[in-house]
Structure formats: structure tokens, C-alpha cells
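Residue numbers (my numbering): 6 to 483.
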């Protein structure tokens, strides 16, 4: 009976009249959605659309592809910078955004314990440089971007995972591979319509399979250590003893979880991404810049000697490295990690002071173009390691510090949403640069390529940049 009714209904719908009605309803729906979308975005119509479709193009695939290679020249006001946190391969971003565990570890523990981390970071810098820059007193060629990533990854892992894993080659390789593959895979998936991204993730992108395997390996490495720590804590509590406290992010996140379930491997990968991707890029940029300025390196060396003779790695040491602070800020100015930052979505209709209305749901980012604006900086195209030191000395401008955020300096964001890990990043970079400058002479390999590379919104140090290093005898112990 049910089958007969279904067949009869299907037969009636197959008549020309019925098909016409269905087609009319479908077209009405399509044009209705277009009209609603146009109405909602009417206030954005006066803003320039720099990457629109041509009249004959039915999809946005070509625009998305062009954006990935030419975004520096076509920042689209409606760009949506998503990391697909609903897809399992991007679990680190989900752990970083949803549970609050990651935020607590960075905003509270990392900041509170920061001065206690200087000596461990210095010890790890010594080990990493001996391994990757070597003790060879003859000039030898180093691919700076690859080596900078390995050095920062090892130093950060000392803070995030402690001595148990920070020198584990499998873990260090996972952090390198996942950071690289996940960032590129996320960009490539944005070329697909949202509904098709889970399909593309599973079947159409080999990097996506790789990041799933890398996440599995991270869990296999971290979970046994975490379980061992938890068992030891319970045993000491049962014995009436005070639990051993580890000053690392594994401990911080377990404390913040307070028994809640979370994915420790994914959370640690998120910590690694946050530190390694931008930290290594900053180190790469700084080394490329100062290796072309021998007088600047010599002045930085004198500053380090003076400061280290006054005090070792205590709370004030790194603050006193004012020239190095200026060099880092100038490195970030001339090549920020991204050409647009601070992705936000309007949660309600908003009117700007100039009358522009931003409809609810609009995705926005802020351009970092002021970094190269001649109205803001003198000779903005030129690297000047002393630029911000002069501002602090002559203008008494403390916002010229590396970690300070201003509308002209958005490398760490702005306001209450500025990067909470920037103080740790600054300390880590100053420590490793102190070791490199005191222990090595350096100069660019003749003819090496140093041009910044762009992929979508990201600006990165050149993969092919090479620097010559040779070991020297440092004047002070670090």
C-alpha cells in the first residue's frame, strides 16, 4: 500500500506541470537567497572588493587560488581565516580554542613562571646550538630557516614538556612536520566549498592524511609520560607526601584540566605551533638581517657582555638588552608574520565612527601595512636595528619595546586580545640570540636569496636563505 502511494506521488510529480512548479520554487529559493545576501551586505558595498569574480565565473575557485599567491596585494575585507576545527586532523586548534585549558596554561602559568624558565632555556640553547650550528671554527654553511625551526622547537619543548621529551627526536620531528603540513593543508582546504572540505580532507589532500598520522604519534609519545606522572602523584598523595611539581606545560594543562578529559597530544601540538611557527620565523628574520650588519652585531655583543657581567639570567637581565629588543622589534616591523592579523567576526550590527556599518556575521582582519608606512616610520623599507632603541632613548617611548602593542605595531595583536605568549617569545628569542652572537661569527652566503616569501596572509623567511657560521670564543659565560 505504502509503495503504491509513493509511486503514485512520484508519477504525479513527473508531469511537466509539476516539474515546472518545482523548478520555479528552486529558482525562487536561489534568487531569494541572493537578494537576502545582497540586502544584508548592502552596507559593505561601498568598501572596495579587490578580488571579485568575473561575470562569466560560476565559482570562486580561481579567486581563492589567486588569493593564496597574491594576498599581499589583495586583502579581501571578507576573508575568513578558519582552521577547520570541526575536522579531526585540526584537533590542536580545537583544543586551543574550546576547553580553556590551553588558555589557562599560557595566560596564567607561562606568565607566572616565566623568570624561572630562563636558565632551562639557556641550557637548552647551548645543547641545540652545539648540535645544529656545531663547534666548527671554520666557516660552514647553514640553511637558516630549517635550523632556526629545530632550535626553537627544542628550546620550547624544554618548557612545554620538560627534560623527558624536549630532546626526543621523534617528538621534535612531529612538531616540525605537523606545524608545516597543518598550516599548508588548512590553506589548501579553504580552496574548497565548506560542505566539501571534510571530503577533501579525507580523500583529496595527502597532507591531511599526514597530519592525522602525526597527531597519533604525538599522543603515543605524550600519553605514557602523562600517565606515569599521574600515577606518581597519586602514590605520593596516598603516602602522605607532597606531589612533585613540574615546571612545564604538561603539568600546567593537567592542573587546569582538574580531572576533565582533554587530548594532551593535540594540546601540546598547539603549544608547539604557537611557539615554533612564529618564534622560528622571527629568529630566521633576525639572523638574516644582522648577518648583513657586522657593526650592529658587534654593538649587540658589547651589550650582552655588559649585561651578563652585571647579572646572570635573572628577571632584569633580558630587559636590559635594549639594543637586542630594538633589533627584534625592527625585524618584526619589516617582516611581520602575517600581512593581516586579528581575525574577528561581528557578533552584532556595528557602526564605525565614519558611518560605515558592519553587518552581523561579517569576518574582518586588520592590515599590518602601517609597518611600512613612510608617515609612520622614516625609511620604512630599510632595516634599522637601532630604530626603536632611539625611540626609547630619545623620545622616552616605552611602547617601542618589542612586546608592546600599538596600532602601528600589530605583530602581537592589540589590546586585551594581544598574544599572551609574547613575553615568553621575547625571552626565548633574546636568550638564543645572546648565545648565537657571543659564540658565533656570521655572514650571508654570497648570492643567497633573502626575499620574503608569501603564502596567503603569511609572510615567511626565505626557504633558500643560507648563512655562514663559525665558532668563536665567547667573552662571558652564558
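Yeah, the Cβ is synthetic: ideal placement off N, Cα and C, and Gly gets one too.
{"Asked": "Validate contact between the stretch 154-173 and the stretch 119-132 using beta carbons, cut 8 Å, 3 pairs", "Found": "yes"}
{"Asked": "For residue 148: DSSP bridge partner residues", "Found": "471"}
{"Asked": "For residue 96 and residue 262, believed in contact at Cβ under 8 Å, the rounded distance", "Found": "About 15 Å separates the two Cβ atoms, so there is no contact after all."}
{"Asked": "The stretch 297-308 / the stretch 166-178 touching (three or more Cβ pairs under 8 Å)", "Found": "no"}
{"Asked": "C-alpha distance - residue 475 paired with residue 140, whole-angstrom precision", "Found": "8 Å"}
{"Asked": "Rounded Cβ spacing between residue 388 and residue 303 (contact assumed at less than 8 Å)", "Found": "So it is not a contact: roughly 16 Å between Cβ atoms."}
{"Asked": "Cβ neighbours of residue 208 in the same chain (closer than 7 Å, five flanking residues each side left out)", "Found": "none"}
{"Asked": "Residue 481 to residue 443 span [Cα, whole Å]", "Found": "8 Å"}
{"Asked": "8 Å Cβ shell around residue 498 - same chain, five flanking residues per side excluded", "Found": "Nothing in the structure corresponds to residue 498, since the chain is present only between 6 and 483."}
{"Asked": "Of the listed residues 254, 236, 206 and 409, nearest to residue 119 (C-alpha basis)", "Found": "254"}
{"Asked": "Reference residue 227, options 267, 121, 194 and 288, closest by Cα", "Found": "267"}
{"Asked": "Three-way DSSP call (helix, strand, coil) for residue 235 in this model", "Found": "helix"}
{"Asked": "Segments assigned alpha helix (DSSP H), at least 4 residues, entirely inside the stretch 365-450", "Found": "392-399 and 427-444"}
{"Asked": "Candidates 353, 105, 403 and 152, of which the one nearest residue 473 by Cα", "Found": "152"}
{"Asked": "Proximity of residue 179 and residue 429 at Cβ, strictly below 9 Å", "Found": "no"}
{"Asked": "Proximity winner among 455, 458, 259 and 411, relative to residue 110 (alpha-carbon distances)", "Found": "259"}
{"Asked": "Contact belief for residue 273 with residue 223 at Cβ below 8 Å, rounded distance in angstroms", "Found": "7 Å"}
{"Asked": "Outcome for residue 390 when other beta-carbon atoms lying within 10 angstroms are tallied against a minimum of 16", "Found": "buried"}
{"Asked": "DSSP bridge partner residues for residue 363 (one or two, in chain order)", "Found": "355"}
{"Asked": "Cβ pair count under 8 Å reaching 3, the stretch 236-253 against the stretch 190-207", "Found": "no"}
{"Asked": "Closest Cα partner of residue 4 within the set 316, 265, 329 and 122", "Found": "There is simply no residue 4 to check, as the chain begins at 6 and stops at 483 in what is shown."}
{"Asked": "Per-residue DSSP class, three states only, for residue 458", "Found": "strand"}
{"Asked": "Limits of the alpha helix (DSSP H) - the one that residue 463 falls within", "Found": "First-last for residue 463: 463-465, but that is the beta strand (DSSP E), not the alpha helix (DSSP H)."}
{"Asked": "Cβ-based neighbour list, residue 456, same chain, cut-off 8 Å, excluding 5 preceding and 5 following", "Found": "467"}
{"Asked": "Beta carbon of residue 415 nearer than 9 Å to that of residue 373", "Found": "yes"}
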